[in-house]
Every structure is written in structure tokens, then in C-alpha cells.
Amino acid sequence: MMRQVISVFFICATILYAKAVPPRCTRADIKKLNSTVIHSKSELTEAFNSKLQVIKNDIKSELANEIGNLSDKLTNEINQNEEKLKIDVNIVNAEVLKVNNKLDQIKNDIKGELNDEIDQLTGSINQKFDDLNKKLIEAFNSTLVQMKSAIKTELTVEINQNEDKLNGLKTQLTKTTNELSDCACERKRQRSLIYYAGPYIYTFAAAKAYCKSKGHKIATPAQIQAAFDLGMSECNWGWVEDGSLRSPQQMPFTNNWCGKRGLNTWLNYDQLKKRGVYCATNPGP
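Those letters in the sequence shown? Residues -20 to -1, 1 to 265, by mature numbering (1 follows the signal peptide of the UniProt record, and there is no 0).
Below, the structure written as C-alpha cells:
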């Protein structure tokens, strides 16, 4: 078939390029030639693909064989190396075991030596500690005795001084107590010189007459002030000498019935109204 195509091709070429000879190829010949070329191309392609597939298969087969041989070779080498490695590992393990045993023996020897030294050091330290403890106790006891003696001396001096001060304070307290007692008695006596008479039954004139009937005088504002200063307290209004009213109150009452704290005073009170009276048993100030 290939030869036919080539023959036709040369024939056409001869026809086309021959100048002296008129062309003999018709359209039918060209169409036939194209059909032949297309068919030949298809056959060539099929032949090429077939040959290519054969070559591929041959290459795959050869590669598979090579890979298989290489795999077997590698497997053998790996197995040989594993056996050798096992032998080497056993040797290494044996050597490691020997080294570990030697290390254990060295450790035990060192441990025994260290224990002996520790025991010796412990005994020496305990002895030194006991000696030091005894010395510290002796020094502490000696210092404590000295401190006790010094403190006792200081306390004795201070106690004697405080005792003298206490005796002086006792004397002063006794004197002050007596004075306060005398003062309280005097205040009470002075306060009793002013007294209140009631209830509210005296006009101012009747109040003066009442005090006079008792041999006394109606109290002056100064006398009632002095009595209040000495502690007099009376919840009643009473006449005094100037015609005013007084009510001495030491403590206030919540309802202010007796007035606020102090000497309550009511000036310009109607002298015809009736109230109590404050009389004085001595002339006073």
C-alpha cells in the first residue's frame, strides 16, 4: 500500500512539474489521491501506535524484571544487615550490662565511704553542738543572774522612791480629804443659812413679815446667789429683798416646770400676788 501511494505521488509530481507535457491529472485523480493519502495516514498511525504499544510493553516488562531483581537484592542485603545488626546489638548490650554493673559497684563503694564520713561528721557536729550549747547556757545563766541583780537593784531604788512618793501622796490625800470634808461641811452650813418657806401663800409684805417673825431677814439677791453657788436647789419661786422672785435650780427639768439650770429670776413681779419666800438666818453679804 505504501508503495502505491509513493507511485501515485511521483506520478502526480511528474505531471505537475513537466512543462512540455500538458497535465493529465483530473479532479477525480486528485480526489482518489487524497483518499489514498488519508487511508495511508490512518494505516501508518495504527501501525505506529501498535508498534509503540509493543515497545511500551517491552519496556514495562524489562522494568518490572529489573525492579524485581533489585528488590530481591535489596531484601537480601537488608536481611544480611539485620543479622549483622542483631549480633552487634547483642555485643553492645553485653558491654552496657558490664558497664552498669561496674557503675553499681562504684556507686555502692562511694555510698559506703560517704556514709562512714557522714557518721564521723555527724558525731563531731553533735559533740561540738553539745559543747556550744553548754557554753551558751552557762553564758545565758551568768548574764541572767547579772540582769536579775541589776533589775532588782533598780526596782529596789524605784520602789523606795515610789514608796516615799506614795507616803507623800497619802499625806496630801489625807489633808485634801479633811479639807474637802471641812469644805463640804462649810458649804452645807452656808447653804443652810438660806431656807425656803412656802407654799405660795405670801405677798411680798407678808413674806418679809414671816422672816422677821422667825427672828430672820428676807434674803438679799446676793445671799440667794451665794447659796446657789454652794449647791442650793429649790423648785419653787420665792420673794427676795428687792421685791423680785428667785428659783435656784441646779438641774433642769424636762418640762421646764422648775425653770432652766441656774438662778432663775423674775423681775417686776406683782408684789400683791402670793409666792414663797427665801429667808436668811444671818445678815450675810
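Glycine is no exception: its CB is placed at the ideal position from the N, C-alpha and C atoms.
Because the structure is a prediction, the values reported are computed rather than measured.
- For CYS259, the secondary structure class from DSSP, reduced to helix, strand or coil, is strand.
- Take the alpha-carbon of TRP217 and the one of ILE181: they are about 11 angstroms apart.
- DSSP links GLY218 through a beta bridge to ARG226, GLY256.
- GLN229 is a Cβ neighbour of ASN244, given a cutoff of 9 angstroms.
- The Cβ neighbour count for MET212, taken over all protein chains shown within 10 Å, is at least 16; the residue is labelled buried.
- The Cβ-Cβ distance between CYS238 and TYR190 does not fall below 9 angstroms.
- Put simply, the backbone Cα of LYS254 is about 57 angstroms away from that of GLY148.
- Rounded to whole angstroms, the gap between the alpha carbons of ASN61 and LYS36 is 36 angstroms.
- Membership of TYR190 in the alpha helix (DSSP H) is indicated by the continuous run 184 to 193.
- Linking LYS150 to TRP246 through their CA atoms gives a straight-line distance of about 48 angstroms.
- In the three-state reduction of the DSSP assignment, PRO232 falls in the coil class.
- In this chain, the alpha helix (DSSP H) harbouring ALA202 covers 201 to 209.
- Secondary structure remark: continuous alpha helix (DSSP H) runs of at least 4 residues inside the segment 70 to 104: none found.
- Relative to the Cα of ILE174, the nearest Cα in the group LEU146, SER193, GLY195, GLN203 belongs to GLN203.
- Nearest Cα to THR261 within the set GLY223, LEU135, ALA177: ALA177.
- Looking at the DSSP output, LYS197 shares a beta bridge with ALA260.
- Burial of LEU225 is indicated by the presence of at least 16 other C-beta atoms within 10 angstroms of its C-beta.
- Boundaries of the beta strand (DSSP E) around LEU243: 242 to 246.
- In the structure shown, GLY148 falls within a helical segment according to DSSP collapsed to helix, strand and coil.
- Judged by beta-carbon spacing, GLU214 lies beyond the 9 angstroms limit of THR200, meaning their Cβ atoms are not closer than that value.
- In this structure, the straight-line span from the alpha carbon of GLY92 to that of ALA74 is close to 27 angstroms.
- Residue LEU252 holds the alpha-carbon nearest to the alpha-carbon of THR183 among LEU252, LYS240, PRO232, LEU116.
- Judged by DSSP in its simplified three-state form, GLY239 adopts coil rather than helix or strand.
- Pairing VAL257 with LYS145 gives a Cβ-Cβ distance that is not under 9 angstroms.
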